[in-house]
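Undergrad: Sharing a structure below in structure tokens format, with a few things to ask.
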Amino acid sequence: MTSYKSKLRVHYGYAFEDALIDEICLVAKHKVIAAEQAVINFEDTIQYMPLLLKGSIKVLRVDEQGNEVFLYYLEKGDTCAMSLTCCLGNKKSEIIALSEEESELLLIPVKYLNEWLCVYTSWKNFIFNSYNARLEELLTVIDSLAFMNMDKRLLKYLQDKSMVLGTLELEITHQNIAQELNSSREVVSRLLKKMESKNIIKLSRNKITILNL
DNA sequence: ACATTAAGTGATT
DNA sequence: AATCACTTAATGT
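In this note's numbering, the protein residues as written are 7 to 219.
Following this line, the structure appears as structure tokens:
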């Protein structure tokens, strides 16, 4: 039997009934993504809906000038709400997605999305909940953008990253962070410095160590 | 020792 | 908070 079926059970079993899990295994493509790979590029046409089995995917909003804003992480048990809108509307992707670590996912061809909505209640609930969770998440992003709460955004960024990668040692430059938050290096450096003086983090070159969040 | 790149800082808008 | 101009520190060759 398929090797990923058990993983599917572990991470999605709470949501999906057995029959659905069986069906997913029949039609899904299994894919392993190396660290630091683009999973979805801007204006890609999405033909599959992903279910994450292992690792994490970072989702960013970008514009034509290459400005980007970090939106959220996808983790095991998640799916991408963006892919749903894209798939159902047959639109091009408004976001980009990157793997930060080696990740594993199942790709479900678009055509099943609709079918399953009618057949499986658990699927309908899952989709609905995913949408909901993502929308909530985006609202908090909007809040912090609207009120220019860089300090809170930065804190959340570090928390998320540490959580998702399962480490307190983040290897990243201030410049990089600034890019993802669409801010400037100096601002990020200054805020980090403040956090360091409060013993929240420890700074070193190319590295931020988290002490107490 | 030197060049390169990351990070720190003050002033200005 | 962003930008500029400049300094200082860390790291690779």
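Glycine residues also receive a C-beta, built at the ideal position from the N, C-alpha and C atoms.
For Thr221, is the classification buried or exposed, using 16 other Cβ atoms within 10 angstroms of its Cβ as the cut-off for buried?
TA: Because the chain here runs from 7 to 219, residue 221 falls outside it and cannot be looked at.
Undergrad: CA-CA distance, Met169 and Asn218?
TA: Roughly 13 Å separates the two Cα atoms.
Undergrad: Could you check where the alpha helix (DSSP H) with Phe134 kicks off and where it finishes?
TA: 127-152 is the span of the alpha helix (DSSP H), which, as asked, contains Phe134.
Undergrad: I need the straight-line Cα distance from Ile52 to Thr85, nearest angstrom please.
TA: Answer to the nearest angstrom: the Cα atoms are 13 Å apart.
Undergrad: Beta-carbon within less than 8 Å of Leu77's beta-carbon, same chain only, minus the 5 sequence neighbours each way: which residues are those?
TA: Taken in chain order, the residues that qualify are Val65, Leu66, Arg67, Ile101, Glu143, Leu144, Val147.
Undergrad: Quick one: what does DSSP say Thr91 is sitting in, helix, strand or coil?
TA: Helix, per DSSP.
Undergrad: Between Met201 and the rest of its own chain, which residues show a CB-CB distance below 6 Å, the 5 nearest in sequence each way excluded?
TA: If we look at Met201 and ignore the five residues flanking it on each side, its Cβ neighbours are Ile207.
Undergrad: Starting from Arg67, trace the alpha helix (DSSP H) in both directions and tell me its first and last residue.
TA: Careful: Arg67 lies outside any alpha helix (DSSP H), inside the beta strand (DSSP E) at 63-68.
Undergrad: Please check the pair Leu111 and Ile39, which I expect to be a contact at CB under 8 Å, by giving their CB distance rounded to whole angstroms.
TA: The Cβ separation is near 7 Å, so the contact holds.
Undergrad: Enumerate in chain order the residues of its own chain whose CB-to-CB distance from Gln165 is below 7 Å, with the five nearest sequence positions on each side excluded.
TA: Excluding positions up to five away in sequence, the list reads Leu219.
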